[in-house]
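Peer 1:
2 protein chains.
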Amino acid sequence: MTEARPTDLRPTGLRPTGLRPTDLRTVLDGRWAAVRDEVRAEMGGLKLDPDPDASTEEYRAQIAEAVRMLADSGRPHRGFDPAYGGGGDVGGVVTSFAMLGYGDLSLLVKAGVQWGLFGGALQALGTARHHDRYLRDTMDGTLLGCFAMTETGHGSDVQHLRTTATYDPATQEFEIHTPEPGARKDYIGGAARDARMAAVFAQLVTDGTGHGVHAFLVPIRDEDGAALPGVTISDCGVKAGLNGVDNGRLVFDRVRVPREALLNRFGDVAPDGTYSSSIDNETRRFFTMLGTLVRGRISVAGGAGSAAEKALALAVRYGNTRRQFANPATGEEVVVLDYLVHQRKLLPLLATTYALHVAQNDLVERMHELQGAGAEADEAGQRELETRAAGIKAIGTWHATRTIQTCREACGGAGYLAENLLPALKADTDVFTTFEGDNTVLLQLVAKTILSDYGKGVARLDLLGKARFAAGIVADAVVERTGVRPLIERGDVRDTAVQRRLIAAREQHLLASAAQRMRKALAPGADQFAIFNGAQDHLLAAARAYVDRVVFDAFAAVADRDPLLGRLLALHGLSTIEADRAWFVEHGYLTAARTKAVTGAVNALCGELRPHARELVDAFGIPENWLDCPLLDGERGTAEPRTEAPAELSAVG
Amino acid sequence: MTEARPTDLRPTGLRPTGLRPTDLRTVLDGRWAAVRDEVRAEMGGLKLDPDPDASTEEYRAQIAEAVRMLADSGRPHRGFDPAYGGGGDVGGVVTSFAMLGYGDLSLLVKAGVQWGLFGGALQALGTARHHDRYLRDTMDGTLLGCFAMTETGHGSDVQHLRTTATYDPATQEFEIHTPEPGARKDYIGGAARDARMAAVFAQLVTDGTGHGVHAFLVPIRDEDGAALPGVTISDCGVKAGLNGVDNGRLVFDRVRVPREALLNRFGDVAPDGTYSSSIDNETRRFFTMLGTLVRGRISVAGGAGSAAEKALALAVRYGNTRRQFANPATGEEVVVLDYLVHQRKLLPLLATTYALHVAQNDLVERMHELQGAGAEADEAGQRELETRAAGIKAIGTWHATRTIQTCREACGGAGYLAENLLPALKADTDVFTTFEGDNTVLLQLVAKTILSDYGKGVARLDLLGKARFAAGIVADAVVERTGVRPLIERGDVRDTAVQRRLIAAREQHLLASAAQRMRKALAPGADQFAIFNGAQDHLLAAARAYVDRVVFDAFAAVADRDPLLGRLLALHGLSTIEADRAWFVEHGYLTAARTKAVTGAVNALCGELRPHARELVDAFGIPENWLDCPLLDGERGTAEPRTEAPAELSAVG
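Going line by line, the protein sequences match chains A and B.
Quick note: the first sequence, position 421, residue 420 per numbering that gives the first Met the number 0, numbers continuous.
Quick note: the second sequence, position 364, residue 363 per numbering that gives the first Met the number 0, numbers continuous.
(1) Given A:V123, which residues of its chain have a CB within under 6 Å of its CB, disregarding the five upstream and five downstream residues?
(2) Quick check: what's the CA-CA separation for A:A32 versus B:T287?
(3) Rounded to the nearest angstrom, how far is the Cβ of A:A314 from that of A:C406, given a contact under 8 Å?
(4) Please give the ranges of any beta strand (DSSP E) in the region 293-340 of chain A, keeping only runs that are unbroken, at least 3 residues long and fully inside the region.
(5) Any beta carbon from chain A within less than 9 Å of B:Y186's own beta carbon?
(6) How many Å lie between A:L18 and A:L563 at the Cα?
(7) Are any of the Cβ atoms in chain A nearer than 9 Å to that of B:C240?
(8) Can you tell me which of the three DSSP states A:R192 falls into?
(9) Taking Cβ positions only, does B:P347 come closer than 9 Å to chain A?
(10) At the 9 Å Cβ level, is A:T149 part of the contact set with chain B, yes or no?
(11) Do we get a CB-CB distance below 9 Å when we pair B:K595 with the residues of chain A?
(12) Any idea if B:N694 is buried or exposed, counting beta-carbon neighbours within 10 angstroms, 16 or more meaning buried?
(13) Please tell me whether A:A581 and B:A592 are closer than 9 Å, where the distance is taken between their beta carbons.
(14) Using the rule of at least 16 other Cβ atoms within 10 Å of the residue's Cβ for burial, across every protein chain shown, is B:K465 buried or exposed?
(15) Could you round the C-beta distance between B:N319 and B:R613 to whole angstroms and report it? I think they count as a contact, below 8 Å.
(16) Taking only the alpha-carbon atoms, compute the straight-line gap between A:G633 and A:D627 and give it to the nearest angstrom.
(17) Is there a Cβ of chain A sitting closer than 9 Å to that of B:Q113, yes or no?
(18) Taking only beta-carbon positions, decide if B:R322 is within less than 9 Å of chain A.
(19) Sort B:P51, B:A325, B:G454 and B:R321 by Cα distance to B:G635 and report the nearest one.
(20) Answer yes or no: does any C-beta atom of chain B fall closer than 9 Å to that of A:H153?
(21) Kindly list the residues whose CB is nearer than 6 Å to the CB of B:A446, restricted to its own chain and excluding five residues on each side of it in sequence; keep chain order.
(22) Taking any Cβ of chain B, which residues in the region 499-529 of chain A have a Cβ under 8 Å from it, in chain order?
(23) To which residues of the same chain is B:G304 closer than 8 Å at the C-beta, ignoring the five residues directly before and after it?
(24) I'd like the span of the alpha helix (DSSP H) that includes A:H508, first residue to last.
(25) Ends of the beta strand (DSSP E) at B:V250?
(26) Bridge partners for A:D361 per DSSP, in chain order?
(27) List the endpoints of the continuous beta strand (DSSP E) containing B:I232.
(28) Would you call the region 185-200 of chain A in contact with the region 232-250 of chain A, where contact means no fewer than 3 C-beta pairs closer than 8 Å?
(29) Would A:D131 be called buried (16 or more neighbouring beta carbons within 10 Å of its own) or exposed?
(30) Identify the contact partners of B:G43 in chain A, using a Cβ-Cβ distance below 8 Å as the criterion.
(31) Which residues in chain A have a C-beta closer than 7 Å to the C-beta of B:D437? List them in chain order.
(32) Comparing the C-beta of B:H159 with each C-beta of chain A, is any distance below 9 Å?
(33) For the region 617-630 of chain B, which residues have a beta carbon sitting closer than 9 Å to at least one beta carbon of chain A?
(34) Determine the chain B residues that contact A:Q535 at a beta-carbon separation under 7 Å, and present them in chain order.
(35) Give me, in chain order, the residues of the same chain whose beta-carbon lies closer than 6 Å to that of B:L134; leave out the 5 immediate sequence neighbours on both sides.
(36) Hey, does A:A325 have any beta-carbon neighbour from chain B nearer than 9 Å?
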C-alpha cells in the first residue's frame, strides 16, 4: 500500500503519530470482508478482460465458459436455500457478485441472469415442486435459464405487459401466447444462445378472468439448443456493450406448459381452474412478487459501484504520475492531479463513491436480514428495503455513468483505447441506468412511496388525521416555516451536523411541498394526470433528496473511524450540497455568502485529500491483475511505455 | 414534413394565420445551404452504417474505400487553393464535412485527417515547393497522409513535444528522431494502416540551437505499405469507437529527410543552416502556426453538432410515438414525450443544439472570410476566431456527449442496441472532448485570451492604464458594483433582453473578478503557479460564460425570423441561466424568487415546444436513410416491430 509520491504534499497531523489508523479497506469491506478476500484470492489471478477484437460469437462463448467455471466453483450456490445444498448466505453472494464488476461486466450480467434473475425467481416465486425439480440444476448451471419479463411495448410498465397464460382445465395446461408484436419478450439476457428455460411473466387468465402478472417456467430450447415448437427466438445482435451476453427476443405461439409450470408461491390455479391467492388485491400481489426480486436491483447497484471504483483507480493512479505543462517557477512539469481542476473532476466523485459503497453495504445487510434463511416476514422493513434499493440503484448507476465518463476524459486519448480498460467499463455499464428499472421510473416509485409514508406519518401525528392533511394545513405549516429567517444555517459548513441538517431539511421540505401539491389531485374531478405530470420534476427532486440523506447517513455512521474517512464524508456532503446550492438559497436555508463558503470548502478538501488519493483508491482492494494495463506504465518510475514489438503492418490491397 | 400528432397540443396563434413561417431549415442551413442540399442529394442515398459485428480490419477497409469514393467525388478539392485545382470554398467544405456526422463518424475523422489535418498542414504551413509537388495528389487521395503531432508524453503541451529535427548542413538534411519513449507519436489517425507520409511536428534544431516546433513532411511507408527504414509503426488497436480509423504510433530512429521537407511558411533553414523567420518570438511563431490549423477544431465542433442532432432526431421521434403507462382518467397509454420529465430531458438540449448549430454557422463564416482565397491578414480577427473556435469546440463537444447520452437513456433498452444507431454515435464522438485540444485545456486558453483582452480593454479605457489596472482599482470597481441592489434583474425572464443582460453580466463579472485575482500573480516573488492553480475553476467559469454569451448572441441574431425560433432561444437562454442559477443569486443578479420563475418558465416552454418537437428535428434535414432503424418502426402507426425472420440459432457446442 505504500508508494513513492511525486510531490510530498501529505499534511502532517491528519493521522496523529501514535494513533494506528483504521484500515480503510476494513471499513469498505464491511460484514462480508472474508467473502471479498476469497474472491480476490480465487479470481484475482484470472485475466478477465477479453480480446476487444473478438467477434460477438467468440466473446459469448468465452463468457459462457466463465459462467461454467463460476458454477463449478460453488460460489453461486451460497445464495440459495440450504435445504437444496445452498449456503443461505444472501448477503455474501450479492457481495461477491458485485465484485465481478472489477473484472468483466458481461460475466457479471450473465451470472446475474442465471442465478440472480432466473434462479431468484425460481427460489422466491416458486414452491417445493419447483425447487425439488430445478433448484440444484440451476445452482450447478446444468439448467441454464433466462428471465423473460420485459416486452417490446412494455419495458417500464411491467404490470401491463401483454403476454398471456390462459388456463385450459381440459388438459390442465397453460397456453403461453404472444398476442401482438408489442408483447414480444425483448432484450432477454441468455435468450439468444444459451438458455434452455425461461421464467416467463404473463397475464394469468382462467375462465375468462385475468388475475394479473404471474411467472411461468417455460422450456424454450431442446438439449441441442434448437428452439422448441411454438417458440420463435431471435437475436438482439450487437449492443453498445455487454456483448458477452446473448440478449434475445422470444415470441410464443400458443405454447402449452403443464399447470405446475406456474410459480405459485403467491397465486395458484386449481386443476379445475379456480384461482387462489394469499393476497387479494391484484396490484398488491404484483408488487409483492416483484419485491421478492429486489436482489437483482441491489446487485446492479453493487456492480455499478465496482465499475466506478475501477475507473477511479485507473484515473487517479494515472493522474498521480502523468505530467503535463511546466510550473513556470521551477520549470518542472506538473503532475496532473496537482491541478485544482483535475482534483475537482475526480475527488468529489471519489468521495461519493465511498459514500455509495458504504450505503450499498448497508443495503445488502438489510436485505440479508430480511430475506436470509429464517428471517421473519417484515412488511415495513421490506417496503423500506425496496425503496432504498430503487433509490440507490438509480443514483448509484447514474453516478457510475458520470464517474466512468469523467475518468475516461481525465485520461485523455489513452482513456479511449480498449487496452486501457475504460472503454469497456463505460460501454458495459451504460445500460445499468435503464435496466432493472429505468432510473427515472424508479425515482418516481421512490417519490410515491415516501410521499405516501409521509402522508401516513402526518396522519399519525395529528389527531385530525387525513382530513386535515388533505386540507393542506399541516403541509402548509411545514412549508411555511422553511421560509423564516431562524432556519438559515449558520454553522461551519465543514461540520457533519451542519451538512446533515441541510441534507435532511431539503428532504423534508421537498416532501412537504410535494404533498401539498399532490393533495390537489384528491379534489373531485381533478385532472390527476396533469397534476402529477406538472409536479414530476418536483417529485424526482424529492426522491433524490431522500436518497442523498440515506447515503449520507450510511457513510456518516462509519466515517468517525478514520480522519481520512471524515474528510471524505465532508467532501461528499459538501459536494452534494454544492450541486443543489441554488435550491438551498432559493428556499432560505443558506445565504448566498454561505454557498460561496461551500464551494471554497470543496476546493480546500480536494487539496487536503489529494496526497491520499492513491491510498484511497487502493483501499477498494481491486485485484491488481484486473487493473493491469498500459495506462499505468508511468508508475514504473519513468514515463517509458511498455516495450512493444514493431507491429505487424498491413499493406493496403 | 407534416405528420399525424398523437395528441393535438399545438397551440393556436404561435404562427398567426396568413404569416408564412420561415422555413426553419433555411435558417439552420445558413450560407452554405446549397452545399448542404448537394450532400443530402449525393450522399443521402448511401447506406453508411457499418456492420457492427465487422472486424476492425474489415471496418477500416470499408472506411478506406469510402474515403476513396469521397476523393473521387471531388468534394474535398473544394477547400483547397484554386491555383492547384481546388475550389477555394473553405466554408463550404467545412460545412459538408460536418454533415458526415449524420452518417459515419469514422469516415468523418478519416477524411478530416487526410484533407483537414494533413492537407491543411501542407496548404497552410507549406509553400509553393510543397504545393507544387503534393497538393494535387493529396486532394485526389493518391497521396495518403497523417498528422503526427501528439506524443505519448505530450498530448496537450504540444509546444514542448520532444521529437527532434536536427539540421545537418553537410548533407542538407534533417534528421527526424524520437529521443525517448515519451516522444513517440501516438494516436495518429491513418498511421496504423494507410498513410504513406506524415506531417511530423518536431523541435527544429540547427547548429545546436532550438527554434521551436515546426512541421516536416516525412515519408513513412513505401508503395507496398511497408514501413520505411528507421520508422517503427505500431497500432493503437481497438478503441472505444471510431474503429474505422487506423490510429497508430510512430517512432523515428534518425530518419533523414531533405532540407525541403520543412514546411517553411513561417520559418526556414538556409542550406548553411541559418534559421530565419518572419516571426521573431518563438512562442508567437508556434501559436501562429497552430492558428492556421484552426479549421480542424472548427470541423470537430461541426461533426459533434451533427451527431447530437442525429441523436435528438432519433430520441424525439421515438418519444413521439412510444407509449408507456396509462393516464388513469382515460385509460389510454401516454406518449412518453407528453411527460414533463421526458420533455425536460430532451427539449432544452434541443434548444441548445439549435443555438450551437447557428453559432457554428457563424464561426464557419468568420473562418471563411479570414482564411478564404484573397482574404487579407487580420490578426485581431484571427485571434478572435481561434478563441471562439476553442470555446465552441469545448462547449459543443461536451454538449454532444451529454446529449447523445441523454438520448440513449431516453430510448431505454432500444437505445442500447447497435441496430438503433445511438451506440455508435456515443462511442465515436466520445473522444471529441479530448482530441483536437482537450476541452479543459482549451477553456483555459480561452480564459487566458479573454483575460488578456480584458486587461488591454481596461487599459485603453483608462488613461492611467496598466498601472492602475495592476493596482486593481478598475477591477475592484467593476466587481464592487455587481454587489449593489440596483443591478438585480427585475424584468420578465422570458424576455430576450433580460436573458442577454444576465448572460453578459455573468461574463463581465467573472472576467473582472478573475482579473483581480490574477493581478496578484504580477507581484514580485508571487507563486504564479499557486495563484493560477487556485483560480482554475474561476477561470474555467469565465471561459464558459464567454462562450455562453457568444452562442446566445449568434442564435439571437436569427431567432426573430420565426416564432418557434424565438421560443427555442428563450428555452436555450433560460436553461443556460437555470444551470448556473446559484451563481446569479450568489452574486446579486437574481433574487431567489426570480430563479424559481426561471425554472417555471423552462417547464412552460417545454410544454409549448413539445407539439413542434418533430418539426424541429426534421428541420436539421438529416437524410432519412441515415436515420432508418428499428427504433423508428413505431412511426408506422402501429407499435408493430419490423418483420423479422426467425434468427439463426446457434446451438451450444
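The C-beta atom is built at its ideal place from N, Cα and C for all residues, glycine as well.
Because the structure is a prediction, the values reported are computed rather than measured.
Peer 2: The answer reads as follows:
(1) By 1-based counting over the first sequence, the position of residue 123 of chain A is 124. At residue 123 of chain A the sequence reads Ala, which differs from the Val that was named. T291, listed in sequence order.
(2) On the first sequence, position 33 is the one that residue 32 of chain A refers to. On the second sequence, position 288 is the one that residue 287 of chain B refers to. Those two C-alpha atoms are separated by around 59 Å.
(3) Residue 314 of chain A sits at position 315 when you count from the first residue of the first sequence. Residue 406 of chain A sits at position 407 when you count from the first residue of the first sequence. Right, their Cβ atoms sit about 4 Å apart.
(4) 322-325 and 332-334
(5) In the second sequence, counting from the first residue as 1, residue 186 of chain B sits at position 187. Yes, its Cβ sits closer than 9 Å to a Cβ of chain A.
(6) To locate residue 18 of chain A, count along the first sequence from 1; it is residue 19. To locate residue 563 of chain A, count along the first sequence from 1; it is residue 564. The predicted position of A:L18 is uncertain, since its pLDDT is 44 and thus under 50; no value can be drawn from it.
(7) On the second sequence, position 241 is the one that residue 240 of chain B refers to. Note that residue 240 of chain B corresponds to Gly in the displayed sequence, not to Cys. Judged by the 9 Å Cβ criterion, B:G240 is in contact with chain A.
(8) Locating residue 192 of chain A in the first sequence gives position 193, where the first residue counts as 1. Of the three classes helix, strand and coil, the one that applies to A:R192 here is coil, per DSSP.
(9) For the purposes of this step, residue 347 of chain B is taken as the residue at position 348 of the second sequence. Output row for B:P347: interface = no.
(10) By 1-based counting over the first sequence, the position of residue 149 of chain A is 150. Yes, contact with chain B.
(11) In the second sequence, residue 595 of chain B corresponds to position 596, counting from 1. Chain A, which has a Cβ nearer than 9 Å to the Cβ of B:K595, makes this yes.
(12) No answer is possible for residue 694 of chain B: it lies beyond the span of chain B, which begins at 0 and ends at 652.
(13) Here residue 581 of chain A refers to the residue found at position 582 when the first sequence is read from its first residue. Here residue 592 of chain B refers to the residue found at position 593 when the second sequence is read from its first residue. No, these two residues do not count as a Cβ contact at 9 Å.
(14) Reading the second sequence from its first residue, position 466 is the one you call residue 465 of chain B. In this prediction, B:K465 scores a pLDDT of 46, lower than 50, which makes its location untrustworthy; no coordinate-derived value is stated.
(15) As a first step, residue 319 of chain B is located in the second sequence; it is residue number 320 there, counting from the start. As a first step, residue 613 of chain B is located in the second sequence; it is residue number 614 there, counting from the start. That pair is a contact at about 5 Å.
(16) Along the first sequence, one-based indexing puts residue 633 of chain A at 634. Along the first sequence, one-based indexing puts residue 627 of chain A at 628. The straight-line gap from Cα to Cα measures roughly 12 Å.
(17) Counting from one through the second sequence, the residue named residue 113 of chain B turns up at place 114. It does not: the Cβ of B:Q113 has no partner Cβ on chain A nearer than 9 Å.
(18) The residue you call residue 322 of chain B lines up with position 323 of the second sequence. Yes, contact with chain A.
(19) Translated into positions along the second sequence, residue 635 of chain B becomes position 636. Note that residue 635 of chain B is Arg in the sequence shown here, rather than Gly. Here the closest residue by C-alpha is B:R321.
(20) Translated into the one-based positions of the first sequence, residue 153 of chain A becomes position 154. True, the Cβ-Cβ gap to chain B drops below 9 Å.
(21) Here residue 446 of chain B is taken as the residue at index 447 of the second sequence, counted from 1. Contacts found: L538, A541 and A542.
(22) D526, Q527 and F528
(23) As a position in the second sequence, residue 304 of chain B is number 305, starting the count at 1. Result list for B:G304: A97, G100, T352, L355, H356, Q359, G395 and A399, in chain order.
(24) Position 509 of the first sequence holds residue 508 of chain A. From DSSP, the alpha helix (DSSP H) with A:H508 extends over T495 to M517.
(25) In the second sequence, counting from the first residue as 1, residue 250 of chain B sits at position 251. Element bounds for B:V250: N246 to F251.
(26) Here residue 361 of chain A is taken as the residue at index 362 of the first sequence, counted from 1. A:D361 pairs with nothing; no bridge assigned.
(27) In the second sequence, counting from the first residue as 1, residue 232 of chain B sits at position 233. Looking at the DSSP string, the run of the beta strand (DSSP E) that includes B:I232 is V230 to D234.
(28) yes
(29) Counting from one through the first sequence, the residue named residue 131 of chain A turns up at place 132. The residue in question, A:D131, is exposed, as its Cβ has fewer than 16 Cβ neighbours within 10 Å.
(30) One-based indexing of the second sequence puts residue 43 of chain B at position 44. Ordered by position in chain A, no residue passes the 8 Å Cβ test against B:G43, which lies about 24 Å from the chain.
(31) Stepping through the second sequence from its first residue, residue 437 of chain B is reached at position 438. Residues of chain A passing the Cβ test: G411.
(32) As a working mapping, residue 159 of chain B is identified with position 160 in the second sequence. At least one chain A Cβ lies under 9 Å of B:H159.
(33) none
(34) Taking the first residue of the first sequence as 1, we reach residue 535 of chain A at position 536. Going along chain B in sequence order, the residues near A:Q535 (Cβ under 7 Å) are Y338, L339 and V340.
(35) Sequence index remark: in the second sequence, residue 134 of chain B carries index 135 (1-based). Closer than 6 Å at the Cβ level, and outside the excluded window around B:L134, lie Y83.
(36) Along the first sequence, one-based indexing puts residue 325 of chain A at 326. Yes, A:A325 lies at the interface with chain B (some Cβ there is under 9 Å from its Cβ).
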